[in-house]
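S.K.: In the UniProt record's numbering, the protein residues as written are 1 to 234. Just so you know, even glycine gets a beta-carbon here, dropped at the ideal spot from N, CA and C. Input: one structure, supplied below.
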């Protein structure tokens, strides 16, 4: 019998799928687009008890070759949110290319991750990022690198997530937790640029990214970044 104190951090306890936080992403490529939408669109996607804290939206598409949970790609959409006196961002849409960050993100923090085909590549002067699920391009983002930028230009902050785990028994209520996680993200010196950007969401009721329709594009960004994700707080 495998004693409890001999269990691994995650299932399968005999051969855990992912390690305990903090998780590390080192020197990864990322493309971002900052834009404004109608605040009513943000309201449609925020779960209770979160409220909108602005109308700015950030798209994120990254290629992550060096992490302590394997290599892969990730895509997300961030909206500004608040809970009481806490402010930060919430990700109503979050996609990964491999099962390790999918399971770890959902099970530890409650991130609403799904598997998707994610690409990030260069074409002429553009950086092109795409997210496809079931042949639908639910995200297509473009940017060009014109001038140096600062990470502080983007309205990031602590990350809210809603951890929902259905009960195993038929009459057992689900576990519901509002989690706030303060990650540490940095841009590599001299390798973070901005320029024109664009965002297009193909309509899908399964992955309704189109709800966050852009009203005004502020800028597109591309750079080399690193990120540390610790345990969250409930």
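Go ahead and pull the three-state DSSP assignment for residue 125.
M.R.: Position 125 of the chain shown, counted from the first residue, corresponds to residue 125. Coil at residue 125, not helix or strand.
S.K.: Would you list the residues sitting across from residue 52 in a DSSP beta bridge?
M.R.: For the purposes of this step, residue 52 is taken as residue 52 along the chain shown, with counting starting at 1. For residue 52, DSSP records a beta bridge to 81.
S.K.: Which stretch, first to last residue, makes up the beta strand (DSSP E) that contains residue 199?
M.R.: As a first step, residue 199 is located in the chain shown; it is residue number 199 there, counting from the start. 197–200 is the extent of the beta strand (DSSP E) around residue 199.
S.K.: Where does residue 122 land, buried or exposed, given buried means 16+ other C-beta within 10 angstroms?
M.R.: By 1-based counting over the chain shown, the position of residue 122 is 122. Its Cβ having fewer than 16 others within 10 Å, residue 122 is exposed.
S.K.: What did DSSP end up calling residue 186 once you bin it into helix, strand or coil?
M.R.: For this step, residue 186 is matched to residue 186 along the chain shown. Assigned with DSSP and collapsed to three states, residue 186 falls in strand.
S.K.: I think residue 226 touches residue 25, with their Cβ atoms under 8 angstroms apart; what is that distance to the nearest whole Å?
M.R.: For the purposes of this step, residue 226 is taken as the residue at position 226 of the chain shown. For the purposes of this step, residue 25 is taken as the residue at position 25 of the chain shown. About 6 angstroms; that satisfies the 8 angstroms criterion.
S.K.: Can the beta-carbon of residue 79 be found less than 8 angstroms from the beta-carbon of residue 89?
M.R.: What you label residue 79 is simply residue 79 of the chain shown in a count that begins at 1. What you label residue 89 is simply residue 89 of the chain shown in a count that begins at 1. Yes, these two residues count as a Cβ contact at 8 angstroms.
S.K.: So, is residue 27 buried or exposed, given that buried needs 16 or more other C-beta atoms within 10 angstroms?
M.R.: Here the question's residue 27 lines up with position 27 in the chain shown. Exposed, since its Cβ has fewer than 16 Cβ neighbours within 10 Å.
S.K.: Please classify residue 9: is it buried, with 16 or more other beta-carbons within 10 angstroms of its beta-carbon, or exposed?
M.R.: Looking up residue 9 in the chain shown gives position 9. With fewer than 16 other Cβ atoms within 10 Å, it is exposed.
S.K.: If I follow the unbroken beta strand (DSSP E) through residue 33, where does it start and stop?
M.R.: Numbered from its first residue, the chain shown carries residue 33 at position 33. Per DSSP, residue 33 belongs to the beta strand (DSSP E) from 23–36.
S.K.: Compute the distance between the beta-carbons of residue 290 and residue 56, then report whether it is under 8 angstroms.
M.R.: This structure cannot speak to residue 290, because the chain is shown only from 1 to 234.
S.K.: Over the uninterrupted alpha helix (DSSP H) stretch that includes residue 43, give me the two end residues.
M.R.: The residue you call residue 43 lines up with position 43 of the chain shown. Where residue 43 is concerned, the enclosing alpha helix (DSSP H) stretches over 39–45.
S.K.: Could you give the residue range of the alpha helix (DSSP H) that holds residue 101?
M.R.: Locating residue 101 in the chain shown gives position 101, where the first residue counts as 1. Element bounds for residue 101: 99–104.
S.K.: With three or more C-beta pairs closer than 8 angstroms as the rule, is the stretch 206–221 touching the stretch 157–174?
M.R.: no
S.K.: Which first and last residues belong to the beta strand (DSSP E) in which residue 235 is found?
M.R.: There is simply no residue 235 to check, as the chain begins at 1 and stops at 234 in what is shown.
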